[in-house]
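Chains P and W supply the protein sequences, listed in that same order. Under my numbering, think of the first position of the first sequence as 1, with each following residue one higher. Under my numbering, think of the first position of the second sequence as 1, with each following residue one higher.
2 protein chains.
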Amino acid sequence: MTLPRPIQWTGTGAVRLLDQTALPDDERYLDITTVAAMREAIASLRVRGAPLIGIAAAIGVTLAPAGGAGSTLENVRAACDELDAARPTAVNLRWALDRMRRCAEVAAAGDEPMAPALRAEAQAIWDDDRAMCDRIGEAGAGLIADGDVVLTHCNAGALATGGIGTALAPVYLTHRRGRRVTVVVDETRPLLQGSRLTAWELGRAGIPYTVIADGMAAARLRLGDVRCVLVGAARIATNGDVANKIGTYGLALAARAHGVPFYVAAPRSTVDFAAADGGAIPIEQRAAGEVRGFRGAVSTPAGAEVWNPAFDVTPAELVTGYLTDAGLLAARELGRLAPLPELAVR
Amino acid sequence: MTLPRPIQWTGTGAVRLLDQTALPDDERYLDITTVAAMREAIASLRVRGAPLIGIAAAIGVTLAPAGGAGSTLENVRAACDELDAARPTAVNLRWALDRMRRCAEVAAAGDEPMAPALRAEAQAIWDDDRAMCDRIGEAGAGLIADGDVVLTHCNAGALATGGIGTALAPVYLTHRRGRRVTVVVDETRPLLQGSRLTAWELGRAGIPYTVIADGMAAARLRLGDVRCVLVGAARIATNGDVANKIGTYGLALAARAHGVPFYVAAPRSTVDFAAADGGAIPIEQRAAGEVRGFRGAVSTPAGAEVWNPAFDVTPAELVTGYLTDAGLLAARELGRLAPLPELAVR
Chain P
1 MTLPRPIQWT GTGAVRLLDQ TALPDDERYL DITTVAAMRE AIASLRVRGA
51 PLIGIAAAIG VTLAPAGGAG STLENVRAAC DELDAARPTA VNLRWALDRM
101 RRCAEVAAAG DEPMAPALRA EAQAIWDDDR AMCDRIGEAG AGLIADGDVV
151 LTHCNAGALA TGGIGTALAP VYLTHRRGRR VTVVVDETRP LLQGSRLTAW
201 ELGRAGIPYT VIADGMAAAR LRLGDVRCVL VGAARIATNG DVANKIGTYG
251 LALAARAHGV PFYVAAPRST VDFAAADGGA IPIEQRAAGE VRGFRGAVST
301 PAGAEVWNPA FDVTPAELVT GYLTDAGLLA ARELGRLAPL PELAVR
Chain W
1 MTLPRPIQWT GTGAVRLLDQ TALPDDERYL DITTVAAMRE AIASLRVRGA
51 PLIGIAAAIG VTLAPAGGAG STLENVRAAC DELDAARPTA VNLRWALDRM
101 RRCAEVAAAG DEPMAPALRA EAQAIWDDDR AMCDRIGEAG AGLIADGDVV
151 LTHCNAGALA TGGIGTALAP VYLTHRRGRR VTVVVDETRP LLQGSRLTAW
201 ELGRAGIPYT VIADGMAAAR LRLGDVRCVL VGAARIATNG DVANKIGTYG
251 LALAARAHGV PFYVAAPRST VDFAAADGGA IPIEQRAAGE VRGFRGAVST
301 PAGAEVWNPA FDVTPAELVT GYLTDAGLLA ARELGRLAPL PELAVR
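Quick look at the structure:
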């Protein structure tokens, strides 16, 4: 099973990113050497997916200049601030940068060499995420029987994480164990992360899939052959409300109407312990051009007014369960993830 | 208020169609001179919208050869069969062609000149549709107060009919009467009839609109400012189940979840008195390329499997009411449209 590598160390101080805006037709890699370039890559979705954004930002911090205009610690703090502002909704970004800030402060206080400490911390964030993906897969694999069809929205796969994905982790484990599984993939307008990214990585892994337009999901669920819906999350409030890619909420309503279980898969770094409910989650509004067309193909009259929220909030009551690195949880159990101090968000 | 003219007589025996596949960036007209060309225009959605398909097919019949290889009546029947197969779901197509067949048979039996009889019947079908649009507008205009926001899916406007539209007819009447109304427009993947066509005709008419991706509708309804949802129909079963553009069903579920009234606007030619419920309505499956991209912009891996039903069925229990040429009806009242013999479908 071949999974993509959306981020890699180059060994020469740069970070190699798979430019996800060029997929599926062009597998192009970018070598990132500055904090500003990493911020641009995150803001423009060259690297995306809540867990992977956290990893990319952490690695981005290792690109902060040592000394120069300011002290290294000042530069690290400035890098964290710069990266923190790249996207507002995914809480993993803030969480990973908080880990990097604390690492830098500890290194500075102990007079340790900063660069290896930052690099080790970024690698630890990545390794943690990879391990959490595996555990999410285990938490969900039992939901999928041989021959099942599951439906997903956006991309919460290997391209969105440091490992085998979140929503797709149970799919990959099922496939690896020799059981057949087919994935119905919402194309996920406006940026088509489903048809461009999820379809691409499933195809590489040899897993059959069917792409549908987002508006087809309700009709597809009505056919009765979808075992469950699996989606990722950009941020989860402590009551279980989930901010995820726009379209998730309507999909959850359709799943409820047809009695199809609806699971949210996410590592604990996605839970915002400061958000009591979905109303506390900031929703990113993105540029009008994303809705006005696609890759130069115009689909609206010139200057058309559009509305383009990148995420919506699915209320906890529509979520059957949460596939986390701590197992399959109910909404009321999310709070018990809180006590781990190294994972708390500021 | 400037409305488009999607179909016109040329005065030289041809029929001029606005090629809707080229909108919104190119306002291109095609002169159609053969039945085969009209069939192609219908099948490829150069002319679309259930009522307009009926009108276009009727006018297409007037292009059947007089005599030649067969008798004129035989040629008319062959033309009807050819046009009938262009698209399977919109019942108006069958209904209009039945009127044309009967007209030809009556003319042949009475030894009347065929060409003027066919032309008069096609014009009558068009005139009937225009009048029905006006009555649909009257049936719905009272639902919209000054300053209201309504939401629509696909295009059920002037570009879909011989008049001021079905779902958009109440919007146009509201605007004409000096009341402000804003339309939220689902882009309507895969063929984007919302962002390409509805936005274009509303813009020409001076009515403000906001385009959203289909997956944003549930989040938009949650904001609470949408007064009602207005959609058209490709076919309505006698129990009130509605086949309409794919995505309508999910939208109806979202409207129900938020208590937003959901109206289906259609002339009585859209009611299939032979269909007891939605299960009896054939659903057109269209080519994979429509989902795989848009106008040359690729959005899936090469050869991706897709599912592409052009329509879905919204069950009657999700429909607040039917805006028809006989007024605002409940599902149980649709049957009383049946007795009109000239409108019965075979």
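The beta-carbon is built from N, C-alpha and C at its ideal position, and this holds for glycine as well. Quick caveat: nothing in here was measured; it's all calculated off a predicted structure.
First through last residue of the alpha helix (DSSP H) which encompasses residue i
| i | result |
| --- | --- |
| Trp95 of chain W | Val91 to Ala109 |
| Ile136 of chain P | Met114 to Ala141 |
| Arg227 of chain P | Per DSSP, Arg227 of chain P belongs to no alpha helix (DSSP H); it is in the beta strand (DSSP E), Val226 to Val231. |
| Glu202 of chain P | According to the sequence displayed, residue 202 of chain P carries Leu and not Glu. Ala199 to Ala205 is the extent of the alpha helix (DSSP H) around Leu202 of chain P. |
| Asp81 of chain P | Thr72 to Asp84 |
| Tyr40 of chain W | The displayed chain sequence assigns Glu, not Tyr, to residue 40 of chain W. Counting along the chain, the alpha helix (DSSP H) containing Glu40 of chain W begins and ends at Val35 to Ala43. |
| Leu318 of chain P | Element bounds for Leu318 of chain P: n/a, residue is neither H nor E. |
| Ile53 of chain W | Ala50 to Val61 |
| Ala66 of chain P | Here Ala66 of chain P belongs to no alpha helix (DSSP H), and DSSP marks it neither H nor E. |
| Ala160 of chain W | Note, Ala160 of chain W: premise wrong, no alpha helix (DSSP H); not H, not E. |
| Arg256 of chain P | Thr248 to Ala257 |
Residue i - containing beta strand (DSSP E), residue span
| i | result |
| --- | --- |
| Ile236 of chain W | Arg235 to Ala237 |
| Gln8 of chain P | Ile7 to Trp9 |
| Asp186 of chain P | Val181 to Asp186 |
| Val149 of chain W | Asp148 to Thr152 |
| Thr210 of chain W | Tyr209 to Ile212 |
| Ala243 of chain P | Val242 to Lys245 |
| Val313 of chain W | Phe311 to Thr314 |
Neighbour-count burial assignment, residue i, 16 or more Cβ in a 10 Å radius
| i | result |
| --- | --- |
| Val211 of chain W | buried |
| Leu223 of chain P | exposed |
| Glu121 of chain W | buried |
| Gly240 of chain W | buried |
| Glu115 of chain W | In the sequence as presented, Glu is not what sits at residue 115 of chain W; that position holds Ala. Result: exposed. |
| Glu317 of chain W | exposed |
| Pro113 of chain W | exposed |
| Arg196 of chain W | buried |
| Gln193 of chain W | buried |
| Val91 of chain W | buried |
| Thr2 of chain P | exposed |
| Ala128 of chain P | In the sequence under discussion, the amino acid at residue 128 of chain P is Asp, which differs from the Ala named in the question. So Asp128 of chain P ends up on the buried side. |
| Ser71 of chain W | exposed |
| Val264 of chain P | buried |
| Asp312 of chain P | buried |
| Gln285 of chain P | exposed |
| Asp186 of chain P | buried |
| Asp325 of chain W | buried |
| Gly54 of chain W | buried |
| Arg5 of chain W | exposed |
Identity of the residues DSSP links to residue i by a beta bridge
| i | result |
| --- | --- |
| Tyr29 of chain W | W:Leu18 |
| Ala265 of chain W | W:Leu323 |
| Gly293 of chain P | P:Val298 |
| Leu329 of chain W | W:Tyr322 |
| Asp272 of chain W | W:Ala237 |
| Val171 of chain W | According to DSSP, Val171 of chain W bridges with nothing at all. |
| Val306 of chain P | W:Val211 |
| Gln285 of chain P | P:Pro309 |
For residue j and residue i, believed in contact at Cβ under 8 Å, the rounded distance
| i | j | result |
| --- | --- | --- |
| Ala217 of chain P | Ala233 of chain P | Actually they do not touch by this definition, with Cβ atoms about 18 Å apart. |
| Pro315 of chain W | Gly279 of chain W | Not quite, the Cβ-Cβ distance comes to about 10 Å (not below 8 Å), so this is no contact. |
| Leu323 of chain P | Ala160 of chain P | In fact, because the Cβ distance is near 14 Å, the residues do not count as touching under 8 Å. |
| Ile281 of chain W | Ala288 of chain W | Their Cβ separation, rounded to whole angstroms, is 22 Å, which puts Ile281 of chain W and Ala288 of chain W out of contact at 8 Å. |
| Glu305 of chain W | Tyr209 of chain P | 6 Å |
| Leu236 of chain P | Val271 of chain P | The question names Leu, but residue 236 of chain P in the sequence shown is Ile. Indeed, because the Cβ distance is near 5 Å, the residues count as touching under 8 Å. |
| Leu45 of chain W | Tyr29 of chain W | That pair is no contact at about 16 Å. |
| Ala117 of chain W | Ala107 of chain W | 4 Å |
| Leu202 of chain W | Val229 of chain W | Between Val229 of chain W and Leu202 of chain W the Cβ distance is about 16 Å, and since that is not below 8 Å, they are no contact. |
| Arg189 of chain P | Ala213 of chain W | 4 Å |
Proximal residues, the stretch 184-200 of chain W versus chain P, C-beta separation under 8 Å: Within the stretch 184-200 of chain W, the qualifying residues are Val184, Asp186, Glu187, Thr188, Arg189, Pro190, Leu192, Ser195, Arg196, Ala199 and Trp200.
Contact list for the stretch 297-318 of chain W against chain P, Cβ threshold 7 Å: When CB distances to chain P are screened at a threshold of 7 Å, the residues of the stretch 297-318 of chain W falling below it are Ala297, Val298, Ser299, Thr300, Pro301, Ala304, Glu305, Val306, Trp307, Pro309 and Asp312, in chain order.
Selection of the stretch 240-271 of chain P by Cβ proximity to chain W, strictly under 9 Å: Of all residues in the stretch 240-271 of chain P, Lys245, Ile246, Gly247, Thr248, Tyr249, Gly250, Leu251, Ala252, Leu253, Ala254, Arg256 and Ala257 have a Cβ within less than 9 Å of some Cβ in chain W.
The stretch 201-233 of chain P: positions lying closer than 8 Å to chain W by Cβ: If the cut-off is 8 Å between Cβ atoms, the stretch 201-233 of chain P has Gly203, Pro208, Tyr209, Thr210, Val211, Ile212, Ala213, Asp214, Gly215, Met216, Ala217, Ala218, Ala219, Arg220 and Arg222 near chain W.
Contact set between the stretch 2-34 of chain W and chain P, restricted to residues whose Cβ is under 9 Å from the partner: The stretch 2-34 of chain W vs chain P, Cβ under 9 Å: Leu23, Pro24 and Asp25.
Chain-ordered residues of the stretch 144-175 of chain P with a beta carbon less than 7 Å from chain W: Residues passing the 7 Å Cβ filter: none.
Members of the stretch 42-65 of chain W near chain P, C-beta cut-off 7 Å: For the stretch 42-65 of chain W, the beta-carbon criterion of a distance under 7 Å to any beta-carbon of chain P is satisfied by none of its residues.
Short-range partners of chain C found in the stretch 277-292 of chain P, where Cβ spacing is below 8 Å: The structure shown has no chain C; the protein chains it does contain are P and W.
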